[in-house]
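So for the sequence shown, my numbering puts the first residue at 36; every next one is plus one.
Where is the CB? At the ideal position from N, CA and C, for every residue including glycine.
These notes are about the structure you will find just below.
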Amino acid sequence: MPRLAFRAPPLPRGEPLVDRSPPETRTSRRRLRACHECDWLVALPPLHAGEKAECPRCGHTLASRHHRPAQRSMALALSALVALALAVSFPFVSFSVGGIGNRIELSQTATTLIGFDQPLVAIAVLLTIAVLPAVYLAGVVWLQLGLLRQAPLPASRSIARSLSHLHPWMMADVFIVGALVSLIKIAGMAEIELGISFWAFCVFALLLLATTQSLDADWLWFSLSGEPLAPEGVRTGEPAAPQGLAGCATCGLVNRLDGDGHGRCRRCGEGLHARLPHSLQRTWALLAAATVMYLPANLYPIMTTTSLGHASPSTIIGGVVELIQMGSWPVAVVIFVASVIVPVGKLVALAWLCLVVRRSDELSAPTRTRLYRLTEFIGRWSMVDVFVVAILVALIRAGALMSITPGPAALAFGAVVVSTMLAAMTFDPRLLWDTPLPRESRPAQGSPR
């Protein structure tokens, strides 16, 4: 069946598309949304700049309206790209000790790892701090430029789809924390000088965060492709899946599913499912992989420090103890929480959610959903230790006097972070809100509650 294209009616020439024409003023139909976390079907209310619509069942944000979203996002994205260009063009940081020193650029935090047979870690560092953010920002500029011209540019819908998938993997803010931890670790051993690139990257991280927060996805998709008619016979104030419906996680449009509970979004083309296929099985598999990799990540050294010809390997816990001995309690706490508490807590929390998903009810589901949100949010911050290793390995290269090399635990710990992030993505929180089986149909587990 050919795909229908829906476009919003054009505005008078010269009028900013976003300022005078939010979705609410360009259609008289109800705009339905199915919550991505609890599957509750609601009709969006009219939104003004600075307002947002939340799910009445679980509190998940369904849509946010911003003032001048196209102009704001485009200005922030262009500013962030300029800051990134400055960050990769000037020295990042330098150190000197005993008359010997070294100066590195931002890109060397990744490329140096290749020389130590850590290409996968190097690729992960380069992608998360520069490449993916640059692609994301360029996509935002491309989309908003087309909308401001009132003529979307080619491939706009494909680019808009990709933005939501790129967002979790951009870690410029985590890299800044890793850089600060690295500098504190060596501040007592060498003289440190911050370059223009360091400050430019700090500005870039802030602008990137502001750009992601300023993106009005609801307005963006309405301006790109309009709002197709809602399926017939829809009942709001009820879950969507029992009605054979699903909300698109990318553009938000409510679509009718086929008899097997699958489909494709009429507006953006994203694949749809009543529930993510094999969600629990995939989550368990990724959690098992992360658990296996967590052992070498903590047993093997994450880096080896050579000082005056003496090599001293350091594990993650060993690095925390060393920071405490140096008197850097705040930094030790940050590393301990990010590298020990967060990965273990995320493994335990997701495993527990998988175990209790069939025993959820209307009273326990909100609390368990908030736990899921927390695990999804904190997972990326465990990359701090990987970034610390990347920065120190590139910076501290003074031969036998002082040098740092990466250990085998760096790759294992990076695999733990990626696996737990994927595990959170594959877990479908809507399962927590599904009607539980009748008590007599459940397996016997002792006396009833």
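Cα-Cα separation, P277 to R465:
Approximately 12 Å, taken between the alpha carbons.
Roughly how many angstroms separate the alpha carbons of G449 and A159, rounded to a whole number?
When rounded, the distance between both Cα atoms is 8 Å.
Quick one: what's got a C-beta closer than 7 Å to L242's C-beta in the same chain, skipping five residues either side?
Once the five neighbours on either side are set aside, the close Cβ partners of L242 are L111, S114, A115 and A118.
Would A240 be called buried (16 or more neighbouring beta carbons within 10 Å of its own) or exposed?
When all chains shown are included, A240 counts as buried.
Does the distance from the CB of V377 to the CB of I413 come in under 9 Å?
For V377 and I413, yes; Cβs fall inside 9 Å.
According to DSSP, simplified to helix, strand and coil, what is L229?
In the structure shown, L229 sits in a strand (DSSP, three-state: E or B).
As an exercise, report each continuous beta strand (DSSP E) stretch of at least 3 residues that is fully enclosed by the segment 323–349, in chain order.
Given a length threshold of 3 residues, each whole run of the beta strand (DSSP E) inside the segment 323–349 is given here in chain order: 338–342 and 345–349.
May I have the straight-line CA-CA distance separating H308 from P401, to the nearest angstrom?
H308 and P401: Cα-Cα distance of roughly 22 Å.
Below-9 Å beta-carbon distance, D420 vs any chain C residue
Protein chain content of the structure displayed is limited to a single chain, and chain C is not contained in it.
Exposed or buried, which one is T96 when buried takes at least 16 other CB atoms within 10 Å?
Exposed is the label assigned to T96, since fewer than 16 other Cβ atoms lie within 10 Å of its Cβ.
The segment 167–177 contacting the segment 199–218, beta-carbon criterion three pairs below 8 Å
Inter-segment contact for the segment 167–177 and the segment 199–218 is present: three or more beta-carbon pairs are separated by less than 8 Å.
Does the Cβ-Cβ distance between V369 and V289 come in under 9 Å?
Taking 9 Å as the cut-off, the beta carbon of V369 is found no closer than this to the beta carbon of V289.
DSSP three-state assignment for V216, whether helix, strand or coil:
Helix, per DSSP.
I need the straight-line Cα distance from Q106 to A245, nearest angstrom please.
Cα-Cα distance, rounded: 13 Å.
Would you list, in sequence order, the uninterrupted beta strand (DSSP E) runs of no fewer than 3 residues that lie entirely inside the segment 104–152?
If we require 3 residues or more, the beta strand (DSSP E) runs fully inside the segment 104–152 come out as 126–132 and 135–140.
Length-filtered (4 minimum) alpha helix (DSSP H) runs lying within the segment 380–441:
The segment 380–441 contains these whole alpha helix (DSSP H) runs: 400–413 and 419–430.
Neighbourhood of A281 by C-beta, 7 Å cutoff - its chain only, sequence neighbours within 5 removed:
So the qualifying residues of the chain are A69, A275, N290, L292, G298, L307, H308 and A309.
F257 versus T410 - alpha carbon distance
Near 31 Å, if we compare the C-alpha coordinates of T410 and F257.
So what's R68 in DSSP terms, helix, strand or just coil?
Collapsing the DSSP output to three states places R68 in a strand.
CB G213 to CB F422, shorter than 9 Å?
Yes; because the gap between Cβ atoms is below 9 Å, this pair is in contact.
Starting from R196, trace the alpha helix (DSSP H) both ways and give me its first and last residue.
Element bounds for R196: S191 to L201.
So, are the CB atoms of A510 and L82 less than 9 Å apart?
Nothing can be reported for residue 510, as the shown portion of the chain is limited to 36 through 484.
Among G294, L322 and R403, nearest to A386 - alpha-carbon criterion:
Comparing Cα positions, the closest option is L322.
Identity of the residue in L155, Q248, L467 and E86 nearest S314 by Cα
Per the C-alpha coordinates, the member of L155, Q248, L467 and E86 positioned closest to S314 is L467.
Which one of A252, L229 and R270 has the shortest CA to CA distance from S197?
Considering only alpha carbons, the answer is A252.
Taking its Cβ as the centre, do 16 or more other Cβ atoms sit within 10 Å of P154, making it buried, or is it exposed?
Per the 10 Å Cβ criterion, exposed.
Along the beta strand (DSSP E) that carries V77, what are the first and last residues, could you check?
Start and end: L76 to A78.
Once the 5 residues before and after S335 are set aside, which same chain residues still bring their CB inside 8 Å of it?
With the sequence shown as reference, residue 335 is identified as Tyr, and Ser is not the correct amino acid for it. Hits under 8 Å: T350, G442, P443, A444 and A447.
Take C286 as the anchor and find which of R184, I426, R192 and T455 has the nearest alpha-carbon.
If you compare the alpha carbons of R184, I426, R192 and T455 with that of C286, the shortest gap goes to R192.
Pop quiz: L172 and G181 are said to be a contact at Cβ under 8 Å. What is the actual Cβ separation, rounded to whole angstroms?
Rounded, the Cβ-Cβ distance is 15 Å, inconsistent with contact.
I'd like the span of the beta strand (DSSP E) that includes E16, first residue to last.
Limits of the chain in this structure are 36 at one end and 484 at the other, which puts residue 16 out of reach.
What are the start and end residues of the beta strand (DSSP E) that includes T455?
Counting along the chain, T455 falls outside any beta strand (DSSP E), though it belongs to the alpha helix (DSSP H) covering A444 to T461.
Please state the DSSP three-state secondary structure of A479.
Residue placement at A479 is poorly supported in this model, since its pLDDT is 40, which falls under 50; the coordinates still yield a value, given next. In the structure shown, A479 sits in coil (DSSP, three-state: anything other than H, G, I, E or B).
Alpha carbon to alpha carbon, how far is R90 from D469?
First, the residue type needs correcting, since residue 90 is Cys and not Arg in the sequence shown. Taking the straight line joining both Cα atoms gives about 16 Å.
Coarse secondary structure for L280, derived from DSSP in three states:
L280: strand per DSSP, three-state reduction.
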